[in-house]
Amino acid sequence: MRENRLHRRHPLVQFLLDNGIYIIIAIVMWRLPFWLGEYFDKPITELGPRDVRGNVALSWMAVAIELYIVAILAMSYNLILGFGGLLSFGHALFFGTGVYAILILMTQYSHSLMLSTGMALGLSVVLGFMVVLAAYRIKGVYFAMFTLALAQVFYELSRVNLTREITNGDDGIRFIGDNTPEIGLTVNRLDLYYLCAIVMALTFVFIRRLMNSPAGKVILAIRDNEERTQTMGYNVARYKALVILLGSLLGTLSGVLHALSSKGAEPGSLSVARTVDPLIMTIIGGLGTNPGPVIGAALLHLGEVFLSKPDLHVDLNFLVYRYTAVVDTRSEWALALGIVFVIIVMVIPYGVVGQVNKIWIQVRRWLRKFFYDPLIRQNEKLATWMEPFTGEPPQVAIALAQLSSTESVSQWVFKNPHAVLTSILVVVPVIVGFLQFDWRATASTFLFLLVIIVPLRLILWGAQKFGFWDTTTAP
Amino acid sequence: MWDDIVEVIIGNLLYIAEEYTDPLPLLVMYYGLTTVIGGLIISRRFVTLRRDPMAGSFIGFGAALLGFGIPGIYAVHQLTPEKALGLVDEASTEDVQFRFDTNVLWGMGAFGFLWILLTILAANTEPSRFLVVVSGGVYRGMLIFLVAAGLSIIFGLMDVLNFAQGSLFMVGAYVAWEVYGELGDWRETSLGLAAAFLIALIAATVVGTILGLIMEVLFIRPTYSRPFFQVVLTFGLALILREYAISRYGPAALFNVDLRFPDGSSTILTGLFPGTSIQNYWIFMSVIGFIMIFGVQYLLQNTRIGIIIRAGVQDSDMVEALGINVRLIFTLVFALGAAIAALGGAVASGFLAPNPDIGDQFLLQAIAVVIVGGLGSYSGTAVSSIVLGITGAIASHFALVEYSSDALGSTSILIILLIVLYIKPTGLFGRAH
Numbered sequence: 004m005r006e007n008r009l010h011r012r013h014p015l016v017q018f019l020l021d022n023g024i025y026i027i028i029a030i031v032m033w034r035l036p037f038w039l040g041e042y043f044d045k046p047i048t049e050l051g052p053r054d055v056r057g058n059v060a061l062s063w064m065a066v067a068i069e070l071y072i073v074a075i076l077a078m079s080y081n082l083i084l085g086f087g088g089l090l091s092f093g094h095a096l097f098f099g100t101g102v103y104a105i106l107i108l109m110t111q112y113s114h115s116l117m118l119s120t121g122m123a124l125g126l127s128v129v130l131g132f133m134v135v136l137a138a139y140r141i142k143g144v145y146f147a148m149f150t151l152a153l154a155q156v157f158y159e160l161s162r163v164n165l166t167r168e169i170t171n172g173d174d175g176i177r178f179i180g181d182n183t184p185e186i187g188l189t190v191n192r193l194d195l196y197y198l199c200a201i202v203m204a205l206t207f208v209f210i211r212r213l214m215n216s217p218a219g220k221v222i223l224a225i226r227d228n229e230e231r232t233q234t235m236g237y238n239v240a241r242y243k244a245l246v247i248l249l250g251s252l253l254g255t256l257s258g259v260l261h262a263l264s265s266k267g268a269e270p271g272s273l274s275v276a277r278t279v280d281p282l283i284m285t286i287i288g289g290l291g292t293n294p295g296p297v298i299g300a301a302l303l304h305l306g307e308v309f310l311s312k313p314d315l316h317v318d319l320n321f322l323v324y325r326y327t328a329v330v331d332t333r334s335e336w337a338l339a340l341g342i343v344f345v346i347i348v349m350v351i352p353y354g355v356v357g358q359v360n361k362i363w364i365q366v367r368r369w370l371r372k373f374f375y376d377p378l379i380r381q382n383e384k385l386a387t388w389m390e391p392f393t394g395e396p397p398q399v400a401i402a403l404a405q406l407s408s409t410e411s412v413s414q415w416v417f418k419n420p421h422a423v424l425t426s427i428l429v430v431v432p433v434i435v436g437f438l439q440f441d442w443r444a445t446a447s448t449f450l451f452l453l454v455i456i457v458p459l460r461l462i463l464w465g466a467q468k469f470g471f472w473d474t475t476t477a478p
Numbered sequence: 426m427w428d429d430i431v432e433v434i435i436g437n438l439l440y441i442a443e444e445y446t447d448p449l450p451l452l453v454m455y456y457g458l459t460t461v462i463g464g465l466i467i468s469r470r471f472v473t474l475r476r477d478p479m480a481g482s483f484i485g486f487g488a489a490l491l492g493f494g495i496p497g498i499y500a501v502h503q504l505t506p507e508k509a510l511g512l513v514d515e516a517s518t519e520d521v522q523f524r525f526d527t528n529v530l531w532g533m534g535a536f537g538f539l540w541i542l543l544t545i546l547a548a549n550t551e552p553s554r555f556l557v558v559v560s561g562g563v564y565r566g567m568l569i570f571l572v573a574a575g576l577s578i579i580f581g582l583m584d585v586l587n588f589a590q591g592s593l594f595m596v597g598a599y600v601a602w603e604v605y606g607e608l609g610d611w612r613e614t615s616l617g618l619a620a621a622f623l624i625a626l627i628a629a630t631v632v633g634t635i636l637g638l639i640m641e642v643l644f645i646r647p648t649y650s651r652p653f654f655q656v657v658l659t660f661g662l663a664l665i666l667r668e669y670a671i672s673r674y675g676p677a678a679l680f681n682v683d684l685r686f687p688d689g690s691s692t693i694l695t696g697l698f699p700g701t702s703i704q705n706y707w708i709f710m711s712v713i714g715f716i717m718i719f720g721v722q723y724l725l726q727n728t729r730i731g732i733i734i735r736a737g738v739q740d741s742d743m744v745e746a747l748g749i750n751v752r753l754i755f756t757l758v759f760a761l762g763a764a765i766a767a768l769g770g771a772v773a774s775g776f777l778a779p780n781p782d783i784g785d786q787f788l789l790q791a792i793a794v795v796i797v798g799g800l801g802s803y804s805g806t807a808v809s810s811i812v813l814g815i816t817g818a819i820a821s822h823f824a825l826v827e828y829s830s831d832a833l834g835s836t837s838i839l840i841i842l843l844i845v846l847y848i849k850p851t852g853l854f855g856r857a858h
C-alpha cells in the first residue's frame, strides 16, 4: 500500500503511525511495576527474593520478567526460522548454554556477572559455529534433525552421572546460601525487571533495524531463493552464519536472564520443550514478522499463567456456564494449546500478525469505501485537512473518490453475508468485554456467538451452493 | 572422561593382542569377518540381479549371525536362484555389468563398526552377559525399527517427516493396555491368555490404522502445498496426542496389568549357553520385528502396490500421469506406517509400562536410525536400526558398569547421527534430495 501512495505523509504522522504502538508499549513497560504496586497496595522495590511468596505485585512482576525472557527467546528463534528460513529444532541448546554457563561460572568459579555473561556468549558462539558448519552442508529436514540431535546430546550430558560434579544431574544447580553471589539483580527484582525490559526492547529494535537494512534484505532473499541470491553474487554462507550466530547469541542472552530470574539451572532448560515453546510462539504470533514472536510469547505465557497456575488462576466459568458446559481449562492447558496450535497452522498459517494485517487491510478498504469516499466527494476542505494523514493531495483524493463505486453498506452486507457474520463474531465480544470491562465476558460472548454463527454460516453456505441465496443481485 | 575412553580402547587392543586364547573375542571377530565378506559377496550378486545391495548385505549379516560362517555364506550365494529373486528376465542379466556401488562400502563400514564394538564388548564381559547385551540390543533395534519403518516409508513417498509417529506408538501401547485390561476374565487359562494378547495387538493395530487415516485425510492432505507447515503440524498432533494421554491416564507409567504373554526366560538358550538368561518376550519382540522387516520388504518389492509406492518415491507426478490415484496411495502408506508404529507400541507395552513419553524416547532414536540409514531408503533403515540398537545396548551396558546410569545408550545413537551427518549429509544409503 505504501508504495502506491502518490505523496509522502507528514513525517511526524508517518513516525507515529510506524512507532506509536511501540511508544505506548514502552511506556506501559516502564510504569508497569508501579501500577502493580499501587493496584495491589504492596511495596515492590526494597524486597528480597524471600518476600516474593506473599506479595501479589511481585509475583505479577515475575510473570512480566519471564514474559520478556521468553519473548527474547522467541525473537531469536524467529530470526533463525522466520527470517533465515532454517528449520532448527535445537534452539534449547543456546538457551541452556546461557543458563548453565552463568550458574557454573558464578557458583563454582566465583567469576563476576559480566565476565560470566561474556564467557557464556563466547561459548554460544562456539556452539553456534558447530551449527553454522552443519548449515553449510546439511539442508532442510536433515538440518532440523541435526540441531535436534545436537541439543538432545547436551541435554542428556547434563543429566548423566558422568558430568555430575559440574551440572549436578537432574537436581541442577541453584544460587543457595554461600553460593549466592552478591549481585543486586538476584536480590532487587525491580532492577532485574528493568534489565529484562531493556534487553527485550533493544533486541526488538535491533532485529527490526537489521531486517530493514541491506543485510536483512539479503537474508530474506536467501530464505526465499538461495541459489538465485548466490548467483547474484552474495556470499550466502556469510549471511547464514550471521543469522545463526545472532540467533544463538540472543538465545544465550535470554538464558542468562532466565538464570538470574529463576536463580537456578536444571536440565529442563536444555530439553526439547525449550525449543517447542519458541516454535509455537513464533508460529502463533506470526512467522517472519517483527512483532509476531513477542505477541505469541505474550499470548502463550499469559495464557499459561491464567489457565494453568492455580495461584494466579482466573476462573473462566464466570459466564460460560450459562451457555455451554462448564469448561475447566486449568488442567488441560497443554491439550488446548496443542489443538489451538494445529488449528492455527491449518487455518491461519501466518499467525496472529498475518491475520491482523489481512483484516486491517480489508477494514481500511471498507472504511475508505463507505465513509471516507462519500465524505470526500462532497467536501473539498476535508480532503485538504486529511492530506497529512493519507498522503493524497485533495484533487487526487476527490478524483479517486469519484471513481470508486457508489455501493451502499446495505448492498455490501447482502452480498457478503459470511464476512458480516465473521465480523460480528470478532467485534461484538470485544465491545461487550469493553463495556463490562471484563475479558471473561469477551470469552463467554465469543463462545455464545460461535454456537449461533457457525450453524448459520453452514446453512448459508448450503443455500449459496444450492442456489437459494443469489448474491449477484441486490434487493 | 576422554582419558578414560582412550584408556579403555587401548586396553581393549592390548587385551585382544595378549589374551587371544579367550575364544569369545575370536568368535566375534570371525563373525565380523564373515559378515563383511559375506555381505560383500552376496551384495555383489544382488547388485547384478536386483540392484538392491542393502538387501544382500542384510542377508549376509543374517547368515553370519546365525553362525553359517564363510562356507554357509557361499552356500547361500550358490543356492540363491536367479528366478527366485524375481523381477529380472534372463536376457537382461547377461548385459548388466557389476558396478561397485558406494552404498556397499558404507554398509560394510556400518558392519565393521558393529564388529569392532562387539569385539570390545566380548573382550570386556563374561560370555553369559555378552549374549544378554546383544539380544537386548536386537530387541531394542526392532522396537526402534517399528517406529522408524513408518517414518522412512512416509518420508520417502510423501516428503513428510511425521513427528506424530512416536505418539502413534504410545497410542498403540495404551490401547493394548486397555484391551488387555478389559479381557481380564480370559487370562485365567493359557489359551485365553494368548487370545487376549493377540486381540490386544490387533486392536492396537486397527486403532493405529484408523488414527493414521484420519490424520492423513484431515491434516496432512490439505497442507501438501506448504511442506514446512506440514512438519510443524505433525509436531502439534504429537503434542495433542501426548497431552490427551496425560489427561486420560495421568503422567505416571501404568503398571497395573502385566501384559506379557510369552513369559519367563528361554530354557533352550540357557541350556546352550549356561548362565545366560534371556527373556522369552525379548525373543518374541525380535521375531515380530524381523517379521515386519521382511513383510514390508515383501510388500514393497513383490506386490503391485509396492511397485506403485516405489515408483511414487522416484517420481509421484509421473505415477499420477499414468492414471494411478497417488493421493489414495499416500493415505494408505500413512495408515500403514501408523499401523506398524501402533503394533510396535502394543508389543512394547508388555515390556515397558505405558507412559506418555514412551513414544518420544523411541521417536528420537527412530529419527536417528532413519537419517543414518538415509531418508527414503527402506533397507538402509532396517540395517541401521539393528546396528544402532546393538550400539545403544552396548553403550548402555558400559555406562551402567562404569557410571551406573544408562542414559548414554540413546546419547550414543545421537552422537553417531551427528557424526554421520557431518561425514555424509544424506545418510549412509540415502540419495541426494
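Protein sequence lines correspond, in order, to chains U and W.
Going by the working numbering, the letters in the first sequence line up with residues 4 to 478, in that order.
Going by the working numbering, the letters in the second sequence line up with residues 426 to 858, in that order.
Note that CB positions come from ideal geometry on N, CA and C, so glycine has one too.
Source: prediction; values computed, not measured.
| Item | Value |
| --- | --- |
| Hey, quick one: how far does the alpha helix (DSSP H) through residue 235 of chain U stretch, first residue to last? | That residue, residue 235 of chain U, is in no alpha helix (DSSP H); it is neither H nor E in DSSP. |
| Under a CB-based cut-off of 9 Å, is residue 417 of chain U close to chain W? | no |
| Out of U/107, U/160, U/400, point me to the one whose CA is closest to residue 833 of chain W's CA. | U/160 |
| Name the chain W residues whose beta carbon is nearer than 7 Å to that of residue 352 of chain U? | 651, 654 |
| Nearest chain W C-beta to residue 316 of chain U closer than 9 Å, yes or no? | The pLDDT assigned to residue 316 of chain U is 38, lower than 50, so where the model puts this residue is not dependable, and the model offers no usable value. |
| Is residue 858 of chain W close to chain U, meaning its C-beta is less than 9 Å from at least one C-beta of that chain? | For residue 858 of chain W, the pLDDT reaches just 48, beneath the cut-off of 50, and the residue's location in the model is therefore unreliable, although a value from the coordinates is still provided. Yes, its Cβ sits closer than 9 Å to a Cβ of chain U. |
| Taking 9 Å as the cut-off, decide whether the C-beta atoms of residue 23 of chain U and residue 90 of chain U are in contact. | no |
| Which residues in chain W sit within 8 Å of residue 156 of chain U, going by Cβ to Cβ distance? | 836, 839, 840, 843 |
| Find the residues of chain W that neighbour residue 159 of chain U, judging by a C-beta separation of less than 9 Å, and give them in chain order. | 832, 833, 835, 836, 839 |
| Report the three-state DSSP secondary structure of residue 817 of chain W (helix, strand or coil). | helix |
| Quick one: is residue 286 of chain U near chain W, going by C-beta distance under 9 Å? | yes |
| Evaluate the contact criterion for the stretch 819-833 of chain W versus the stretch 594-607 of chain W: three or more CB pairs, one atom per stretch, below 8 Å. | no |
| So is residue 809 of chain W in contact with chain A if we call contact Cβ pairs under 9 Å? | Among the chains of the structure shown, chain A does not appear; the protein chains present are U and W. |
| Cα separation between residue 272 of chain U and residue 255 of chain U? | 11 Å |
| Could you name the residues of the same chain whose beta carbon sits closer than 6 Å to that of residue 437 of chain W, not counting the 5 residues immediately before and after it, in chain order? | 545, 548 |
| Who are the neighbours of residue 140 of chain U on chain W, taking C-beta pairs under 9 Å? | 846, 847, 850 |
| Which residues in the same chain as residue 420 of chain U place their Cβ atom closer than 6 Å to its Cβ, once the five residues preceding and following it in sequence are excluded? | 463 |
| Run through the DSSP bridge pairs and tell me what residue 177 of chain U is partnered with. | U/267 |
| What did DSSP end up calling residue 413 of chain U once you bin it into helix, strand or coil? | helix |
| Answer with yes or no whether the minimum CB distance from residue 603 of chain W to chain U is below 9 Å. | no |
| DSSP state of residue 119 of chain U, grouped into three classes? | helix |
| Using 9 Å as the limit for Cβ to Cβ distance, is residue 449 of chain U near chain W? | no |
| Whose CA, out of U/126, U/223, U/457, lies closest to the CA of residue 81 of chain U? | U/223 |
| Just mark residue 15 of chain U as buried or exposed, buried being the case when its beta carbon has 16 or more other beta carbons within 10 Å. | exposed |
| I need the straight-line Cα distance from residue 178 of chain U to residue 572 of chain W, nearest angstrom please. | 42 Å |
| Express the C-alpha separation of residue 813 of chain W and residue 550 of chain W in angstroms, rounding to a whole number. | 20 Å |
| Whose Cβ in chain U lies nearer than 7 Å to the Cβ of residue 661 of chain W? | 341, 344, 345, 348 |
| Work out the CA separation of residue 104 of chain U and residue 129 of chain U for me, nearest whole Å. | 13 Å |
| If the cut-off is 8 Å on Cβ atoms, which residues from the stretch 740-759 of chain W count as contacting chain U, listed in chain order? | none |
| What does a CB cutoff of less than 7 Å around residue 226 of chain U pick up in its chain, not counting 5 residues either side in sequence? | 86, 87, 88 |
| Run down chain W in chain order and give the residues with a C-beta less than 9 Å from the C-beta of residue 97 of chain U. | Chain W residues near residue 97 of chain U: none, gap ~17 Å exceeds 9 Å. |
| Between residue 123 of chain U and residue 790 of chain W, what straight-line distance do the alpha-carbon atoms span, to the nearest angstrom? | 30 Å |
| In the structure shown, what three-state DSSP assignment does residue 91 of chain U receive? | coil |
| List, in order along the chain, the chain U residues whose C-beta lies closer than 8 Å to that of residue 669 of chain W? | 338 |
| Does the beta carbon of residue 792 of chain W come closer than 9 Å to any beta carbon on chain U? | yes |
| Which one of W/830, W/852, W/770, W/767 has the shortest CA to CA distance from residue 809 of chain W? | W/852 |
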